[in-house]
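Chains as they are written, first to last, in the working numbering: chain W, 16 to 358; chain R, 16 to 358. We put the beta carbon where it would ideally sit given N, CA and C, even for glycine. Computed from a prediction, not measured in an experiment: that's the story for all the values here.
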């Protein structure tokens with residue numbers, strides 16, 4: 016019988032357990048451990064675990080697969096704790112949101128680093144803890160797999176099978192690549208949400224602002240509700256990449272400010288807004304990633320100037336509509352310019 | 016019988032009509048007009064309108080109340096068009112997202128500016144057009160009312176009653192105040208979403224980024240799907256305030272970058288993240304606005320330093336938890352500092 020140990024039974028760990036039990040790993044024995052015993056007991060009550068282990072090293076003894084689903088810095092500590100108890104064939108993975116540091120810890124701390132393969136399930140929600148767990152959390156989401164240079168084929172296949180069993184789509188990446196990309200689409204946006212919320216909250220006008228804040232502000236600041244322990248660990252294990260993207264975002268905001276203030280070229284501002292809305296509609300409708308035809312010149316295209324690229328890509332009714340609308344708008348703006356002097 | 020004219024039958028105009036008909040204005044005759052006749056016909060098909068008028072001035076003839084629910088710059092043009100057809104007692108309002116320019120246009124263009132009162136319903140969604148309209152769109156949301164200096168009591172009461180009838184909570188503000196606040200919680204976040212999406216989209220790594228983008232990036236960029244005509248009109252009618260808040264946001268992002276890179280004071284970063292998460296939980300749970308006890312020193316508190324203010328405000332189990340967690344974390348960080356040298 017397969018024995019699976021899950022260390023850290025919060026949202027991710029408990030959801031993995033629920034998904035494994037629901038999707039045909041009925042024969043597996045799942046043992047869970049959490050730093051907070053109540054959290055592990057709650058996961059068991061939810062039907063996710065067969066057993067709760069008081070100590071991490073007890074949980075991994077005899078396990079075929081160990082999943083480290085704790086906050087990042089706790090993963091390091093767990094590796095130290097379980098190292099003496101790991102069997103020579105036990106495959107180990109983690110679910111941390113950054114990968115370079117985790118891969119380094121695994122190489123240093125585990126007795127058989129070749130049995131380690133990093134994971135990052137690209138799923139989550141703001142609510143945390145076992146109560147928020149769902150067996151369908153990973154359905155159709157990407158599960159990034161980061162093998163070490165010396166990972167065994169058996170270890171990699173075990174993690175491929177894990178991703179597949181919980182309903183996720185596996186995607187291979189190296190740790191440095193992963194951390195750079197995750198900073199752009201996940202870690203930096205989270206920090207930006209923290210910055211945006213605290214900017215509003217610190218304002219003297221917060222009593223009015225908070226009342227006026229509608230869905231947009233709520234969406235844009237939702238990630239500032241991330242578990243602070245998780246956010247902190249991400250920040251300190253992916254500093255350089257997050258800083259890089261925070262700087263680029265700040266600079267893009269100031270570029271856009273300049274466009275908004277460029278009263279002599281209002282048509283350019285409209286084109287930027289229309290092109291972005293069009294691109295976003297494609298993204299929202301699942302037109303993503305490697306499926307997309309990428310023109311050879313994409314790498315040379317800066318923010319706010321991808322309209323040419325667009326025209327070659329997704330020629331559609333929508334593009335024509337946007338462009339026609341843009342033309343109408345420009346004509347109107349020109350007409351306005353002719354009849355009004357701007358002050 | 017009350018006659019109400021709605022000019023612009025997109026998401027907002029059609030939703031107002033549906034709400035009026037559902038919430039007890041069964042006796043009112045609602046006539047709609049849209050620049051695009053198909054859009055007005057669609058609104059009628061949805062049961063929002065009794066009549067469709069081909070021309071704006073036809074729609075307002077004999078109306079008791081005229082609601083200008085078009086994009087901002089179109090409101091200016093509509094005011095010019097309807098001015099000759101407005102009766103001496105017709106109350107006029109708009110639903111534009113910025114107010115200073117609208118109030119100026121009304122004073123200049125309308126024959127009886129004292130019958131004009133500005134409105135800004137703080138409701139919306141990314142989808143636009145009459146198909147997206149809902150009678151419940153305004154339920155429990157704020158409806159900002161901006162009277163002119165010479166608005167009649169009758170005009171103000173008519174708009175109060177309108178807001179109330181569609182299910183919204185009225186809130187009075189002057190135009191300058193409104194535009195400053197709306198820039199902070201609505202217009203700047205929308206522009207930030209545009210900047211964030213185009214930053215990712217313009218990246219060479221977009222094929223990977225778009226695949227990895229999970230709920231967080233989607234939430235943070237959702238507003239870049241705003242109707243470009245609406246976004247453009249907001250930008251050009253509220254330039255100064257939006258620029259101000261874009262600059263403050265950019266500078267807050269760079270401050271946060273500095274905190275993330277301050278390896279000697281990691282505890283401060285954790286405190287910021289924990290305090291923001293705590294504050295955000297309060298906001299998410301409706302602890303907002305003027306209901307809140309505001310300490311006398313709030314105006315002096317900068318971003319990232321409101322923890323002291325907090326302690327006086329919402330003393331709760333959660334605060335104690337966060338603080339205890341923070342203490343534990345700090346102890347651990349100190350322990351780590353003692354055992355490791357940072358490279």
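- Residue 143(W) carries a coil assignment under DSSP once its states are collapsed to helix, strand and coil.
- With 16 or more other CB atoms across the displayed protein chains lying within 10 angstroms of its CB, residue 153(R) is buried.
- Following the DSSP letters along the chain, one finds residue 194(W) inside the alpha helix (DSSP H) bounded by residues 190-197.
- If you draw a straight line from the Cα of residue 84(R) to the Cα of residue 271(R), it comes to about 40 Å.
- The bridge partners DSSP lists for residue 173(W) come to none.
- Counting only runs of at least 4 residues, the segment 194-241 of chain W fully encloses the following alpha helix (DSSP H) elements, listed from N- to C-terminal order: 203-217, 221-227 and 230-236.
- Residue 132(W) is a Cβ neighbour of residue 160(W), given a cutoff of 8 Å.
- For residue 187(R), the enclosing beta strand (DSSP E) stretches over residues 184-187.
- Looking at the backbone, the Cα of residue 120(R) and that of residue 102(R) are separated by about 18 Å.
- For residue 263(W), the uninterrupted alpha helix (DSSP H) segment begins and ends at 254-276.
- Per DSSP, residue 133(W) is one residue of the beta strand (DSSP E) stretching across 132-136.
- Close partners of residue 265(R) in chain W (Cβ separation under 7 Å): 265, 268 and 269.
- Along the segment 216-237 of chain W, the positions whose C-beta sits under 8 Å from a C-beta of chain R are 216, 217, 218, 219, 220, 221, 222, 223, 224, 225, 226, 227, 228, 229, 230, 231, 232, 233, 234, 235, 236 and 237, read in chain order.
- Spatial neighbours of residue 126(W) in its own chain (CB-CB distance under 7 Å, excluding positions within 5 residues in sequence) are listed in chain order as 98 and 101.
- Between the segment 195-209 of chain W and the segment 231-250 of chain R, the count of Cβ pairs shorter than 8 Å is three or higher; the stretches touch.
- Of 211(R), 145(R) and 301(R), the smallest CA-CA separation from residue 222(W) is found for 301(R).
- Annotation: residue 161(W) is outside any alpha helix (DSSP H); the continuous beta strand (DSSP E) that includes it extends over 157-162.
- With a threshold of 8 Å between beta carbons, residue 139(R) makes contact with chain W.
- At a C-beta separation below 8 Å, residue 209(R) has these neighbours in chain W: 271, 287, 288 and 291.
- Two segments are said to touch when three or more pairs of C-beta atoms, one from each, lie closer than 8 Å; by this definition the segment 56-65 of chain W touches the segment 21-31 of chain W.
- Your pair residue 43(R) and residue 17(R) checks out as a contact, with CB atoms roughly 4 Å apart and the cut at 8 Å.
- Counting only runs of 3+ residues, the beta strand (DSSP E) found wholly inside the segment 95-130 of chain R occupies 106-109, in chain order.
- A residue is called buried once 16 or more other Cβ atoms fall within 10 Å of its Cβ, and residue 106(W) is buried on that count.
- Counting every other CB atom within 10 Å of its CB across the protein chains shown gives residue 155(W) a total below 16, marking it as exposed.
- If you check each beta-carbon in the segment 144-169 of chain W against every beta-carbon of chain R, the ones closer than 8 Å belong to 156, 157 and 159.
- Not flagged as an interface residue toward chain R: residue 185(W), since no C-beta distance is shorter than 8 Å.
- In this structure, the alpha-carbon of residue 36(W) lies about 21 Å from that of residue 73(W).
- Contact note: residue 251(R) reaches chain W through 281, using a C-beta cutoff of 7 Å and chain order.
- Using a 10 angstroms sphere on the CB of residue 278(W), the tally of other CB atoms stays under 16, which defines it as exposed.
- Inter-residue distance for residue 51(R) and residue 170(R) is about 29 Å (C-alpha atoms, whole angstroms).
- Among the residues facing chain W, residue 240(R) is included, as its CB has a counterpart in that chain under 8 Å away.
- Pairing residue 25(R) with residue 144(R) gives a Cβ-Cβ distance under 8 Å.
- The Cβ-Cβ distance between residue 216(W) and residue 294(R) falls below 8 Å.
- Exposed is the label assigned to residue 123(W), since fewer than 16 other Cβ atoms lie within 10 Å of its Cβ.
- Cβ contact annotation for residue 187(R) (same chain, cutoff 6 Å, sequence separation greater than five): 160, in chain order.
- Taking a beta-carbon distance threshold of 8 Å, residue 200(W) counts as an interface residue toward chain R.
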